[in-house]
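Asker: So that we are looking at the same thing, I have put the structure below in structure tokens.
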Amino acid sequence: MPSFDTICEANLVEVKNAVENTVKEITTRFDFKGTSASIEIKDKEITMVGDAEFQLTQIEDVLRNKLTKRNVDVRFLDMGDVQKMGGDKVKQVIKVRNGIESELAKKLQKLMKESKLKVQAAIQEDKVRVTGAKRDDLQAAMALIRKEINDVPLSFDNFRD
1 MPSFDTICEA NLVEVKNAVE NTVKEITTRF DFKGTSASIE IKDKEITMVG DAEFQLTQIE
61 DVLRNKLTKR NVDVRFLDMG DVQKMGGDKV KQVIKVRNGI ESELAKKLQK LMKESKLKVQ
121 AAIQEDKVRV TGAKRDDLQA AMALIRKEIN DVPLSFDNFR D
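Numbering (the UniProt record's numbering) for the sequence shown: 1 to 161.
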């Protein structure tokens with residue numbers, strides 16, 4: 001039976017490269033000289049540190065530009081709250097989304113049921129597998145998912161006939 005997987009996965013190598021390029025730019029920019037501005041990545045979390053919230057937004061801008069140049073969708077970034085550290089420093093943690101959350105998976109499943117297409121959606125760990133009898137139904141399901149869900153960068157994988 002034909003099927004495909006709906007996934008939400010960032011290219012972590014490109015994300016890491018973008019963070020490293022951001023570090024290079026921060027160290028060479030004159031407006032960051034003598035400040036505590038820094039950015040680092042561990043696993044799937046990016047931590048930005050700065051002297052003020054304004055500085056964090058500048059670092060975030062640089063990071064977004066670097067990600068865009070590397071063809072990484074910025075919707076993968078899940079911005080955390082700005083937290084105060086010791087002294088006058090602030091930090092912000094950005095999570096890189098990987099995998100479809102259960103809420104979104106249920107929404108996808110409901111969307112497939114209500115669409116009147118002859119397809120079934122099954123939640124499998126952090127992805128949603130859509131199966132159907134005809135290839136055309138699957139392509140219609142892909143188009144529907146692209147149209148209806150805009151806030152998360154979904155992609156399709158494992159298309160089988």
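We put the CB at the ideal spot given by N, CA and C, even for glycine.
Keep in mind the model is a prediction, meaning the values are calculated, not measured.
1) Could you give the DSSP three-state label for residue 97: helix, strand or coil?
2) Under 8 Å: do the stretch 143-161 and the stretch 20-30 share three or more Cβ pairs, one atom per stretch?
3) Looking at the secondary structure, which residues open and close the beta strand (DSSP E) in which residue 122 lies?
4) What span of residues does the beta strand (DSSP E) with residue 157 cover, start to end?
5) At the level of alpha carbons, what is the spacing between residue 20 and residue 10?
6) Less than 7 Å between the beta carbons of residue 133 and residue 118, yes or no?
7) The beta strand (DSSP E) that contains residue 4, what's its start and end?
Answerer: Inspection of the coordinates gives the following:
1) The answer is coil: DSSP assigns residue 97 none of H, G, I, E or B.
2) Short answer: they don't touch.
3) Looking at the DSSP string, the run of the beta strand (DSSP E) that includes residue 122 is 119-124.
4) Looking at the DSSP string, the run of the beta strand (DSSP E) that includes residue 157 is 155-160.
5) The alpha-carbon of residue 20 is positioned some 16 Å away from that of residue 10.
6) Yes. Within cutoff.
7) Counted as a single uninterrupted DSSP element, the beta strand (DSSP E) harbouring residue 4 occupies residues 3-7.
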